[in-house]
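The listed protein sequences derive, respectively, from chains U and L. Residues 145 to 694 in my numbering are what the first sequence lists, from first letter to last. Residues 20 to 408 in my numbering are what the second sequence lists, from first letter to last. Scroll down for the structure; my scribbles are underneath it.
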Amino acid sequence: MSGMPSASSPEPPRVPHVGSPPRKGRLPLLQRSIRYHRPRAPFCGVGYCTNCLVRVDGRTNVRACQEGFDLPRMKTTANAWPSPSFDLLGIVDVVFPRGIDTLRGFRRPAAFTSLYQRVVRRLSGYDDPPSEAAQQPPPASIRRIVEVAVVGGGVSGSAAADALLRSGVGSVAVLDRDARASTMSGAEMLGRTTAVFLPPPDPAAARPFALAATNDSGQGVEVRARSVIVATGGYDASLLFSGNDRPGVLTAEGAFALSAPGPPPFNRAVVFGGGERAREVLARFPSRISAVAAPGDVNPDLTRLASEQGVPLYPRSLVLSTVGRRRVRGLTLRTRSDGPSFRLGADAIILAHRRVPHPQLFFQAGALMQWRSRAAAYFPIVSETGQTTVPGLYAVGEAAGVSDPAAAVRCAQLTATSIGQRNSSAPSSSNPHSLDLPGELEGYYRELLRQPRGSGKWIACPCEDVLLHEVEDAERRGYRGIEVIKRYTGLGTGLCQGRYCLPDAILLLSILEQRRPSEVGYITQRPPVLPTSLGALASFADSPDEKEAS
Amino acid sequence: MIASPARSSYHTVVVGAGIIGLYTAYHLAHAGAGPILVLDRGFLSGGASGRNGGGVRQQWETPATIRLARESVAAYRRFGREFGYNIWFRQSGYVFVAEDEGQLARLRRVNAVVRGEGLVSRVIDAAEVLRLVPGIRPDAIIGGTYLRTDGILYPFPALWGLYEAVRALGVEVLLGAEVTGIHAPGGRVAAVETSLGRIATEHCVNAAGGWSGELSRRAGLDVPNVATRHEILATEPLKPFLDPMVVRVSDGLYFSQTMRGEVVGGIAPSTTLATRLGMGSSLDFLARMSRGLVGLFPQFRSLRVLRAWSGYYDDTPDGFPVIGTDARLPGFVHANGFGGHGFMLAPASAQRVARAVLGEPSDLDPHLFGPQRFSEPGRALPTERLQLG
Ligand SMILES: Cc1cc2nc3c(=O)[nH]c(=O)nc-3n(C[C@H](O)[C@H](O)[C@H](O)COP(=O)(O)OP(=O)(O)OC[C@H]3O[C@@H](n4cnc5c(N)ncnc54)[C@H](O)[C@@H]3O)c2cc1C
Ligand code: FES
């Protein structure tokens with residue numbers, strides 16, 4: 145396994161629930177992308193990207209990874225006709241190599257307006273609306289009233305919950321998207337429960353936090369708490385290059401999830417990353433990695449392992465493009481500082497260059513965030529005890545930027561003890577720019593953007609098929625800041641709500657706008673954290689089935 | 020890094036770069052008024068103009084509103100050719116639905132007024148609602164009204180098109196600049212106080228949307244505008260299944276399917292939450308809106324909500340916007356109070372605002388639209404109560 149502190153709710157599971165992935169050693173093509181009908185295969189494997197949408201039992205836009213890639217049960221026709229591997233509308237991708245301009249195109253002649261509208265509407269959306277009514281209405285929502293709610297039952301979340309109970313905190317509820325419901329030495333585990341909304345606390349209330357979640361039975365779950373510990377972990381971020389959405393482009397997490405159990409869906413993959421995460425990938429798939437490429441230098445542990453395995457290293461490399469139309473058949477890279485470009489044969493590229501935290505709940509609750517350049521991501525500003533700038537809201541583990549598991553456990557214990565003793569201190573640094581020195585990836589992207597673009601599509605937002613040059617064009621026209629670029633191009637407005645595209649987009653904008661990433665801003669994080677069914681949300685409208693923990 | 024104004028004095032400073040402010044600047048520049056400056060303290064599309072449902076309808080209770088709406092529909096039909104951006108204005112109708120005879124009777128009255136203005140709206144029965152809104156639960160409605168030339172548009176490109184057009188006409192637009200007060204030494208607008216310092220101007224247009232009351236008060240004027248927070252949500256994108264905008268009379272539930280396939284909609288806010296929580300969202304809204312949709316479409320229980328957001332309506336007591344010069348402060352021109360319908364009324368309304376700035380006669384009834392109407396004694400004038408959707 146990954147060795148990172150385990151991810152947790154609202155973060156998707158690391159390992160599929162049931163069933164097993166396809167065994168052919170190939171990634172299944174499950175759908176076509178929303179605009180250009182590009183073939184897509186699983187990317188993240190853990191439920192945040194939009195590359196594996198299928199229909200299951202009449203439910204539309206279901207992520208196959210969340211149902212264990214139980215392919216026989218799934219209708220893999222989302223947005224594809226007649227099938228995802230041969231889709232007639234795939235022609236759109238070929239006919240419009242520079243994309244379709246829906247902002248300025250289709251205006252003339254006026255007589256064609258309604259025809260254009262019909263065509264473009266037909267191209268939008270993944271699947272038809274659900275047509276079958278559920279047999280019975282979902283159960284009423286449930287409400288728990290506790291001292292502390294812990295979001296995420298992974299390594300750091302569990303450590304926090306244990307320590308809370310030991311330090312005498314009476315009632316604790318742990319929410320986790322994967323774990324089964326149970327009670328662990330006093331704490332109630334709300335299993336298969338995903339936190340979707342944490343509004344800013346109401347200081348006048350006895351329990352200021354009202355955390356909303358949903359569970360597997362489509363039920364709304366509300367947890368009222370005095371304090372909330374967010375232990376939602378992080379995820380492997382994406383990377384921008386030509387054809388970066390091709391089947392075969394995977395995150396490390398995706399590679400792990402797709403290979404547990406069963407053989408990995410690749411035979412000669414290139415790992416991208418120069419640190420511990422890349423080393424984990426190499427260690428996990430000893431005979432299936434053909435090369436390691438890294439944006440910068442490669443750390444000694446990884447160098448050692450690669451030489452033991454006889455895997456060549458390409459430090460300081462730019463990934464320029466994938467080779468192959470339907471699947472990755474190779475990669476084009478270039479040695480940085482205008483070195484030579486070269487090709488590697490590969491059937492996959494595994495992205496293991498950086499992990500970023502899930503920031504949604506912090507943003508929703510109003511906690512101040514800080515851009516950390518080394519990780520190139522936003523983290524909550526926290527004190528030594530994990531206290532954020534919102535009193536009563538804590539961050540532990542990878543969500544707080546602590547990625548070493550042992551350290552994460554120690555920090556979580558410290559947080560729990562301080563809550564037990566009620567002596568938490570507010571974070572001292574509240575300057576969101578304080579750590580804002582240029583990081584490695586900034587230099588990487590600066591150089592990448594100067595490269596010739598070639599003929600393929602650079603997808604800045606795979607959910608909405610937004611292209612890199614569309615973002616650049618918006619900037620040229622004077623639109624600035626991520627909120628405006630989002631509205632102008634649609635970047636970040638897809639099914640994943642920006643998880644897939646935002647980390648890179650922020651870096652990109654900071655380069656294009658020549659200002660610090662923190663000044664580019666972040667898209668306001670709207671509820672819900674993950675797409676949430678109308679049924680579950682509606683269940684909050686009725687009086688809940690309430691339980692106060694003693 | 021905020022640019023500063025290029026000049027020291029202007030003919031008109033427009034406060035607010037929303038649809039109303041930008042359209043006003045456009046009409047002014049087009050009419051050849053002197054130098055124009057548009058100021059906004061936020062980012063482009065940060066106000067209600069970037070947070071709305073894109074509904075454009077002409078079914079209203081009063082002929083005066085219907086005329087503005089009708090003229091605006093014509094302007095939106097031309098928008099793509101005029102401004103270079105495609106707003107995807109889709110005229111596939113508005114369906115108002117009634118659940119009981121009382122509501123239907125109200126819609127019948129509206130329908131008579133609308134037809135009186137020469138628009139071909141119709142009273143429709145439950146079967147026809149079902150045909151227009153496939154999948155709706157048949158026993159949830161008894162009938163409604165329908166006007167095919169109403170529709171929905173995509174608000175953002177309208178802002179981009181106007182933004183680029185006004186700049187091409189020489190209008191300066193400064194974003195991130197706040198107007199903090201009005202300098203009116205002789206009882207007449209002489210300058211605006213801003214975060215960039217004092218900027219001399221002969222006219223100031225209050226197109227500050229939900230914050231117009233705040234700006235008027237900063238100018239020392241007592242106005243009845245009230246900002247009300249309205250929430251809205253979008254579902255995952257689906258293949259096209261719904262053409263018209265649907266509005267339920269009883270609780271203001273409305274929804275449509277956008278060009279991108281998302282179902283976008285809202286519901287009248289519960290009064291306690293309407294003015295709280297900044298631009299945030301609430302579980303209360305998510306729950307009520309979801310219950311409303313599931314009530315109409317039981318099969319949508321598994322349909323997922325992608326995101327929810329909110330914005331401010333700028334409401335007036337009688338439901339009409341405020342358009343015209345404030346007699347108490349010559350040079351101060353109102354372009355506000357549009358409630359939940361400023362987008363659909365913007366092109367025509369902004370033209371009247373521009374006329375007011377230029378001192379040209381207006382065809383708007385001052386008793387309905389004028390800023391002075393609220394202080395007229397013993398007033399018993401019509402109201403515009405179809406504040407739905
Ligand atoms: C959820 C929702 C749904 C809606 N649905 C529809 C619909 O379907 N159809 C429809 O026609 N209308 C709809 N509306 C209403 C419509 O969006 C508004 O009436 C319209 O956008 C108002 O435009 P505006 O330009 O007056 O205000 P805004 O777009 O709000 O612009 C006002 C601007 O003024 C700026 N500002 C304020 N004070 C200052 C200051 N002191 N200094 C500098 N700048 C300042 C703000 O930053 C803001 O950008 C909806 C509104 C909401 C909130
Ligand atoms: S990739 Fe999902 S919103 Fe951009």
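Each residue gets a CB set at the ideal place from its N, CA and C atoms; glycine is no exception.
For residue i, three-class secondary structure by DSSP
i                 : result
Ala-402 (chain L) : Looking at the sequence provided, one finds Thr at residue 402 (chain L) rather than Ala. Coil, per DSSP.
Val-376 (chain L) : helix
Ser-321 (chain L) : helix
Glu-276 (chain U) : coil
Lys-219 (chain U) : strand
Thr-81 (chain L)  : coil
Thr-213 (chain L) : strand
Ile-178 (chain U) : coil
Arg-392 (chain L) : helix
Gly-564 (chain U) : helix
Trp-515 (chain U) : strand
Glu-211 (chain U) : helix
Trp-602 (chain U) : strand
Tyr-29 (chain L)  : strand
Near ligand 2: residue i beta-carbon under 7 Å from a heavy atom
i                 : result
Thr-637 (chain U) : yes
Thr-254 (chain L) : no
Glu-528 (chain U) : no
Thr-194 (chain U) : yes
Gln-642 (chain U) : In the sequence on display, residue 642 (chain U) carries Gly and not Gln. For ligand 2, at least one heavy atom lies less than 7 Å from the Cβ of Gly-642 (chain U).
Proximal residues of chain U, C-beta to C-beta of residue i below 7 Å
i                 : result
Gly-69 (chain L)  : Arg-631
Leu-322 (chain L) : Pro-273, Pro-274, Ser-677 and Leu-678
Beta-carbon proximity of residue i to residue j, cut-off 8 Å
i                 : j                 : result
Ser-461 (chain U) : Arg-487 (chain U) : no
Arg-237 (chain L) : Thr-199 (chain L) : yes
Phe-319 (chain L) : Pro-273 (chain U) : yes
Gly-170 (chain L) : Phe-260 (chain L) : no
Gly-40 (chain L)  : Ala-177 (chain L) : no
Gly-362 (chain U) : Ala-680 (chain U) : yes
Ile-161 (chain L) : Ala-117 (chain L) : yes
Cβ-heavy atom distance, residue i to ligand 1, below 7 Å
i                 : result
Ala-36 (chain L)  : yes
Arg-487 (chain U) : no
Tyr-332 (chain L) : yes
Leu-58 (chain L)  : yes
Glu-586 (chain U) : no
Glu-197 (chain L) : yes
Gly-598 (chain U) : no
Arg-134 (chain L) : no
Gly-271 (chain L) : no
Contact list for residue i against chain L, beta-carbon separation under 8 Å
i                 : result
Asp-482 (chain U) : Within 8 Å Cβ-Cβ: nothing; Asp-482 (chain U) doesn't reach chain L, min ~31 Å.
Ile-178 (chain U) : Pro-256
Gly-249 (chain U) : Asn-105
Candidates the options, of which the one nearest residue i by Cα
i                 : options                                       : result
Val-266 (chain L) : L:Gly-284, L:Arg-371 and L:Gly-69             : L:Gly-284
Glu-332 (chain U) : U:Ala-349, U:Ile-667, U:Gly-296 and U:Ile-563 : U:Gly-296
Gly-545 (chain U) : U:Gly-634, U:Met-513, U:Ala-560 and U:Leu-585 : U:Met-513
Leu-247 (chain U) : U:Arg-423, U:Gln-641 and U:Gly-634            : U:Gly-634
Cys-607 (chain U) : U:His-502, U:Tyr-270 and U:Gly-587            : U:Tyr-270
Ala-83 (chain L)  : L:Ser-23, L:Ser-381, L:Glu-395 and L:Ala-373  : L:Ser-381
Gly-378 (chain L) : L:Ala-346, L:Gly-239 and L:Gly-361            : L:Ala-346
Pro-661 (chain U) : U:Arg-287, U:Ser-311, U:Phe-523 and U:Ala-357 : U:Phe-523
Arg-498 (chain U) : U:Leu-232, U:Pro-484, U:Cys-555 and U:Val-415 : U:Val-415
Any C-beta of chain A under 8 Å from that of residue i
i                 : result
Gly-330 (chain L) : The chain inventory of the structure shown lacks chain A, comprising the protein chains U and L.
Proximal chain U residues relative to residue i, where beta-carbon distance stays under 8 Å
i                 : result
Pro-157 (chain L) : Result: empty, since nearest Cβ-Cβ is about 13 Å, beyond 8 Å.
Glu-147 (chain L) : Chain U residues near Glu-147 (chain L): none, gap ~21 Å exceeds 8 Å.
Contact list for residue i against chain L, beta-carbon separation under 7 Å
i                 : result
Thr-246 (chain U) : Asn-105
Leu-639 (chain U) : Glu-255 and Leu-325
Chain-ordered chain L contacts of residue i [CB-CB under 9 Å]
i                 : result
Tyr-270 (chain U) : Glu-255, Pro-256, Leu-257, Lys-258 and Gly-280
Asn-195 (chain U) : Per Cβ cutoff of 9 Å: no residues; Asn-195 (chain U) is ~15 Å from chain L at best.
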